[in-house]
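Mapping the sequence shown onto the working numbering, position 246 (from 1) lands on 404, and the numbers just tick up by one.
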Amino acid sequence: MKDILTVFFKEMRRFFTDRRTLAALFLPGIVIFVFYTILGRIISDQIVSANAAPKETEIIVAYTENFGSKEEPELVMQIEAGILLADKSNTIKKEKIAPTDVTEFKDKVKNEEIDLLVVYSDDFEERLNQEGATENSVSLFYNAEDSVSSYVYSLASSLISVCYNNYFVNIVDNEYQEPNLSEGNYITTQMLSFVFPMVTIALLFSTILTICPESIAGEKERGTIASLLLTPVKRSHIALGKILALSATACASGAISFLGILLSLPELFGGDINFFSVFTPGAVVVLFFLVVTALFLFVTMGLFVSAYAKTIKEANAYLSPLMIVFMILAIVPAVIDMSNIGFAFVPILDLVVSMNLILTGAASAVLVPFVAVTIVMNVVLSSLFIFLITKIFGNENVMFSR
Numbered sequence: 159m160k161d162i163l164t165v166f167f168k169e170m171r172r173f174f175t176d177r178r179t180l181a182a183l184f185l186p187g188i189v190i191f192v193f194y195t196i197l198g199r200i201i202s203d204q205i206v207s208a209n210a211a212p213k214e215t216e217i218i219v220a221y222t223e224n225f226g227s228k229e230e231p232e233l234v235m236q237i238e239a240g241i242l243l244a245d246k247s248n249t250i251k252k253e254k255i256a257p258t259d260v261t262e263f264k265d266k267v268k269n270e271e272i273d274l275l276v277v278y279s280d281d282f283e284e285r286l287n288q289e290g291a292t293e294n295s296v297s298l299f300y301n302a303e304d305s306v307s308s309y310v311y312s313l314a315s316s317l318i319s320v321c322y323n324n325y326f327v328n329i330v331d332n333e334y335q336e337p338n339l340s341e342g343n344y345i346t347t348q349m350l351s352f353v354f355p356m357v358t359i360a361l362l363f364s365t366i367l368t369i370c371p372e373s374i375a376g377e378k379e380r381g382t383i384a385s386l387l388l389t390p391v392k393r394s395h396i397a398l399g400k401i402l403a404l405s406a407t408a409c410a411s412g413a414i415s416f417l418g419i420l421l422s423l424p425e426l427f428g429g430d431i432n433f434f435s436v437f438t439p440g441a442v443v444v445l446f447f448l449v450v451t452a453l454f455l456f457v458t459m460g461l462f463v464s465a466y467a468k469t470i471k472e473a474n475a476y477l478s479p480l481m482i483v484f485m486i487l488a489i490v491p492a493v494i495d496m497s498n499i500g501f502a503f504v505p506i507l508d509l510v511v512s513m514n515l516i517l518t519g520a521a522s523a524v525l526v527p528f529v530a531v532t533i534v535m536n537v538v539l540s541s542l543f544i545f546l547i548t549k550i551f552g553n554e555n556v557m558f559s560r
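Here it is, written out as structure tokens:
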């Protein structure tokens, strides 16, 4: 028992006197707590902001003129009162339309020209108290990709039961009428633009943590790098060969990960994502180039660290904190608007913002230059790391130190 305790205290002393080992033991738990706390607050804020009442906004509500009885429908009056009660800086514009114009105004809802369309059955309000009025119905139509339209629809839905009884909602001739006229959902899109970049970067960089430290630092640790460098092959060619091999491996792994993320997203969001409306062919191509150039940057960065480190453990010690930094950068655009072109020159952050802009359907005038600068920055930084790796391969002190 004495011998066991001696070894035990020796190992404990080694663990608790090595700052790097202490960080490896306790830092992940602290980081996870901080990261998930921030993550939870961001998600909560996203949901709250998506459901928040608009401010200083003109809200347009259209309704069919066949409702009967009063000069203005009870529901429309209550919607106006609710909007102004939530925030008096808003204004509401009401449009009375003919039932024959419903199709035209549904298109206006899709195009975000109006916020809510209310369609009544003939003499709706006059027939509310009639027995056997089984065809009495009111239908609400909105655009779920627009936060204002979503808010007005939610308000109207909550007010119908206050205003009316003896009616059907969004059921005409025994057929259900889908209230959402858009292909997507505002809250889902916002959550997707937040989750997708974070998960993508985590998966891509985890590939680098798997393959890069062993590639050069591992050969140093085993002593095989010396034999390789003494061959009549230029050291720069050896470095480039390793870069190309690991880039090809990482791209294959990244392509599978990227495809897996894309295909799993509809299930992740409970089927609320119309895959082909969010990931159009153009969006998939742009995302693919972003992922490939980002992977190339990650590979060259990982190999630079591996070439500089003496052992696999040291290489992992340098690379692991970068994972934490990248994950933090991945959640920053959810808090701050970073669509300004200046952020495209900030490595990694530019990748996150580019993905965010693609998924939220940003205007081409903002999206195209931002993505172009991001791709160029990835290529330039990768080239810089390649240059530094070839320089390290020519440095005897670094390559032969153990």
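Each residue gets a CB set at the ideal place from its N, CA and C atoms; glycine is no exception.
No experiment lies behind these values; they were computed from the predicted model shown.
Tell me which residues share the same chain as residue i and place their Cβ nearer than 6 Å to its Cβ, disregarding the 5 neighbours each side in the sequence.
{"i": "I218", "result": "K251, I272, D273"}
{"i": "A408", "result": "T365, L453, V457"}
{"i": "D245", "result": "A211, K213"}
{"i": "E238", "result": "I250"}
{"i": "V330", "result": "S295"}
{"i": "S415", "result": "L361"}
{"i": "E284", "result": "G226, S227"}
{"i": "F326", "result": "S295"}
Go ahead and pull the three-state DSSP assignment for residue i.
{"i": "I489", "result": "helix"}
{"i": "E262", "result": "helix"}
{"i": "N338", "result": "strand"}
{"i": "I272", "result": "coil"}
{"i": "I494", "result": "coil"}
{"i": "F326", "result": "strand"}
{"i": "E372", "result": "helix"}
{"i": "V391", "result": "coil"}
{"i": "E333", "result": "strand"}
Identify which residue in the options has its Cα closest to the Cα of residue i.
{"i": "S308", "options": "V353, E270, E253", "result": "E270"}
{"i": "L367", "options": "L480, M349, N248", "result": "L480"}
{"i": "V442", "options": "L417, M459, L453", "result": "L417"}
{"i": "F528", "options": "I544, M496, D331, I547", "result": "M496"}
{"i": "D259", "options": "L243, V276, L455, V534", "result": "V276"}
{"i": "T358", "options": "L448, N498, L404", "result": "L448"}
{"i": "G552", "options": "E472, F282, Y466", "result": "Y466"}
{"i": "S540", "options": "Q335, L402, K254, E253", "result": "L402"}
{"i": "E216", "options": "V310, F263, Y278, S279", "result": "V310"}
{"i": "F282", "options": "P257, F462, A475, N555", "result": "P257"}
{"i": "F363", "options": "L317, A314, L461", "result": "L461"}
{"i": "V538", "options": "I550, L525, V504, Q335", "result": "V504"}
{"i": "I499", "options": "S464, T164, V526", "result": "V526"}
{"i": "L317", "options": "K471, K160, L298", "result": "L298"}
{"i": "A220", "options": "G399, K264, L286, T451", "result": "K264"}
{"i": "S312", "options": "N332, P337, E293", "result": "P337"}
{"i": "V530", "options": "I494, V444, M459", "result": "Checking the displayed sequence, the identity of residue 530 turns out to be Ala instead of Val. Residue V444 is the option with its Cα nearest to A530."}
{"i": "S478", "options": "M459, A413, I494, P491", "result": "M459"}
{"i": "N224", "options": "I255, S247, Q236, L242", "result": "I255"}
What residue range does the beta strand (DSSP E) around residue i cover?
{"i": "I255", "result": "249-255"}
{"i": "F299", "result": "295-299"}
Can you tell me where the alpha helix (DSSP H) holding residue i begins and where it ends?
{"i": "E216", "result": "Taken as a continuous stretch (DSSP letters only), E216 belongs to no alpha helix (DSSP H), being part of the beta strand (DSSP E) at 216-222."}
{"i": "Y311", "result": "305-321"}
{"i": "S540", "result": "522-551"}
{"i": "A244", "result": "232-244"}
{"i": "I506", "result": "Premise fails: I506 is in no alpha helix (DSSP H) and is neither H nor E."}
{"i": "G440", "result": "439-466"}
Using C-beta distances below 7 Å, list every residue in its chain close to residue i, excluding the 5 sequence neighbours before and after it, in chain order.
{"i": "L487", "result": "I506, L507, V510"}
{"i": "N301", "result": "V267, K268, E270, S307, L339, S340"}
{"i": "T145", "result": "Limits of the chain in this structure are 159 at one end and 560 at the other, which puts residue 145 out of reach."}
{"i": "T548", "result": "S394, A397"}
{"i": "S411", "result": "T365"}
{"i": "M356", "result": "M485, A488, I489"}
{"i": "L546", "result": "F462"}
{"i": "K168", "result": "none"}
{"i": "S405", "result": "F454, V457"}
Leaving out five residues before and five after residue i in sequence, what residues of the same chain have Cβ atoms less than 8 Å from its Cβ?
{"i": "L386", "result": "E377, I396"}
{"i": "Y334", "result": "N328"}
{"i": "M535", "result": "A502, F503, P505, D508"}
{"i": "F543", "result": "L455, T458, M459, L461, F462"}
* Asked: Can you find at least 3 beta carbon pairs, one from the segment 371-383 and one from the segment 510-524, that sit closer than 8 Å?
  -> no
* To do: Evaluate the contact criterion for the segment 517-535 versus the segment 392-403: three or more CB pairs, one atom per stretch, below 8 Å.
  => no
* With a cut-off of 8 Å, do at least 3 Cβ pairs link the segment 315-326 to the segment 220-234? -> yes
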